[in-house]
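Participant: This is the structure I want to talk about, given as structure tokens.
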Amino acid sequence: MTSPVSNEVFRQMAADHIDLTNSHAHNSSIGEAGGALLQAATRYTAFTCAAQSADKTQFLAARKLNVEQLTTQFRELLLSHYDDFGDNYETYLK
């Protein structure tokens, strides 16, 4: 089992995903690039739920709880980032 990464490493991992998505937006639109990122994130999240389950039965039984918890987490993060962009709109969108 691997150890948790530091906050700095975690933030860099997130920044790397954003950088990759931004590079995709140069060849598509920000909506398409963001949609691809969301597709990948949800696919990977379903994988992590399955990989952390003892078996298929446990995985399927945890579906409702996992989706509720992850939806709540997504909403909290989105609201936080939305507020941050509201506070820093001119700086971020130069």
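Going by this note's numbering, the sequence shown opens with residue 90, and the numbers climb by one from there. Glycine included, every Cβ here is placed at the ideal spot set by N, Cα and C.
#1: Name the two residues that bound the continuous alpha helix (DSSP H) containing alanine 139.
#2: Give the secondary structure of asparagine 193 by DSSP, where H, G and I count as helix, E and B as strand, and everything else as coil.
#3: For histidine 170, report the span of its alpha helix (DSSP H) as first-last.
#4: Under 7 Å, do lysine 137 and alanine 122 count as touching if we go by C-beta distance?
#5: Nearest-angstrom Cα distance between aspartate 161 and asparagine 155?
#6: Compute the Euclidean distance between the alpha carbons of histidine 170 and alanine 151, then round it to the nearest angstrom.
#7: Please classify lysine 145: does DSSP put it in a helix, a strand, or coil?
#8: Helix, strand or coil for threonine 110, going by three-state DSSP, please let me know.
#9: Tell me whether threonine 180 sits in a helix, a strand or coil according to DSSP, three-state version.
Facilitator: In terms of the structure at hand:
#1: 119-140
#2: An answer regarding residue 193 cannot be provided, because it is not within the stretch 90 to 183 covered by the chain.
#3: 152-176
#4: Per the sequence shown, residue 137 should be read as threonine rather than lysine. No; because the gap between Cβ atoms is not below 7 Å, this pair is not in contact.
#5: Here residue 161 is threonine; the residue named in the question, aspartate, does not match the sequence. The alpha-carbon atoms of threonine 161 and asparagine 155 are separated by roughly 10 Å.
#6: 28 Å
#7: helix
#8: helix
#9: helix
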